[in-house]
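Just below is one structure, and these are the notes that go with it.
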Amino acid sequence: MWQPIADPETSRRCWSVIEEIERCLVELLSSPQDSGLVRNPSLAGGESGLALFFAYLGAARQGSVDAAGHALEALGRGVEGLADQHLPPALYYGFCGIGWVIEHLTRELFEGDDALASEVDEALRELFLGTRDMPPYELIGGLSGFGTYLVERLPHPDAAELLSRVFDLLERSAEESEAGITWYTRPEWLVQWQREKMPRGCYNLGVAHGVPGVVGFLAAAQREGVRDPRVAHLLEGAVRWLLDQRLPRAEESVFPAFMCPGEEPEPTRTAWCYGDLGVAAVLLSAARSSGRQDWEREALAMARLAARRPAEATRVVDTTLCHGTAGLAHLFNRLFQATGNLAMKEAALAWYKRTLDMRRPGEEFAGFLNWVSPEPGQGSWKGERGFLTGIAGVGLSLLAAVAEVEPVWDRVLLVSVPSSMRTS
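Numbering (our numbering), first residue to last: 9 to 432.
Here's what the structure looks like:
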């Protein structure tokens, strides 16, 4: 059972901020079409992500009609986007993400129509039949993301059929050696500044865009009862390769963000998208789905190191779910709920309090601004409404600290670790 971990004073502060986020998002949701607000149906930054926040807020309030109504309104906007916008297949920025939210909310919190996601299935089927180039393997915009949508759609027969195609493509694109199994990130899949730095491509070690995302997807498929023998084979090989990439000194981080052939790897920040805590969470998920206590020990050792790391060493500058304080708070909370480890609880509470302290009361977007950096050394502060880098994600993280409703929305982050083998 999910346990609220906030003390009374922190809980009061969390609820005050959650209510401010709610007011802000209701205002944005109800703004007229000519307000200048770009309509965006996506999971990462648009209405589908808002639907998650309102739905879990309604559940935390034990069936709040207003919150549920806003959730359905936001979800309806996402469904409209499937029909009237040309969207990429991506989980976070495309039609698979809208399908994931539809499936998740009708599976967990609402009654729904199975036909709503059927056009997503058909679009994926057409993509697999028509594609000539190998899609990226990653979670945010590639095969692991498509598969994460399909796992959420199980046991629908279309999902099982299409998952088999995802495994085909992952197997075809994998590099297998004595070191294990991995996937290479082509230079054309990188953003410009990364391409300039890594013109030949790289091995990516972040959950969002790299091999750990494949690990998390395969673990989720295994946990949902997928019996394709390729799942266990790819998962074991990917974990073995991943663990072999640990840096010799782990003061700043255990894992780098990238491995480039012929270059020394560098430590990276602590976050979900890149860094040790995201890797620890997906590794624990893999350990639980595979019954591997050795992987669990590795995951907890990494998480303990991350918990001891001084805040300034994490390179966290904002409050986002993706790479900010709210994301670290939620990951430590999830790890505590899964293991009972008190160091995880203490770290979670510290990061929740830091999230609250970083708020700027009276400013737009409920006082939370995101540092938007198109490339290293450049950037600006910007308010965002969405799930991944906006206030909807911050609100969901804070809800997980104060409500008894398990935040299984984090299946889309691949960190929804089941509880077992609890240790103190």
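Think of the CB as a built atom: it goes at the ideal place given N, C-alpha and C, for glycine as much as any other residue.
Residue pairing by DSSP leaves Ile13 without any beta bridge partner. Under the 8 Å Cβ criterion, the region 200-209 does not count as touching the region 151-169, having fewer than three qualifying pairs. It is roughly 8 Å from the alpha-carbon of Asp302 to the alpha-carbon of Ala295. A distance below 7 Å between beta-carbons, with the five flanking residues on each side excluded, links Met366 to the following residues of its chain, in chain order: Thr327 and Thr333. Between Ser298 and Ala228, the C-beta spacing is not below 8 Å. Contact annotation: Gly53 and Gly398 have beta-carbon atoms nearer than 8 Å. Taking one beta carbon from each stretch, the region 63-74 and the region 119-132 have fewer than 3 pairs nearer than 8 Å; the two do not touch. DSSP, reduced to helix, strand and coil, places Gly155 within a helical segment of the structure shown. Our two residues, Pro369 and Leu51, have alpha carbons roughly 26 Å apart in a direct line. Here His331 is buried, its C-beta having at least 16 other C-beta atoms within 10 Å. With a 10 Å radius around the Cβ and a threshold of 16 neighbouring Cβ atoms, Pro143 comes out buried. For Val109, same chain residues with a beta-carbon under 7 Å away, outside a window of 5 residues either side, are Leu51, Ser56, Ala59, Leu60, Leu83 and Gly86 in chain order. The residue among Leu170, Ser185 and Ser152 with its C-alpha nearest the C-alpha of Leu178 is Ser152. No Cβ-Cβ contact shorter than 8 Å links Trp417 with Leu396. A straight-line Cα-Cα distance of about 34 Å links Glu412 and Pro97. Distance from the CA of Gly188 to the CA of Val215, rounded to the nearest whole angstrom, comes to 18 Å. Check the Cα spacing between Tyr101 and each of Arg342, Ala79, Glu119 and Pro49: the tightest is with Pro49.
For Asn212, the pairing in a beta bridge is given by DSSP as Phe266. CA-to-CA, the gap between Thr278 and Trp249 works out to about 21 Å. For Ala374, the closest alpha carbon among the candidates Ser388, Gly401 and Glu354 is that of Gly401.
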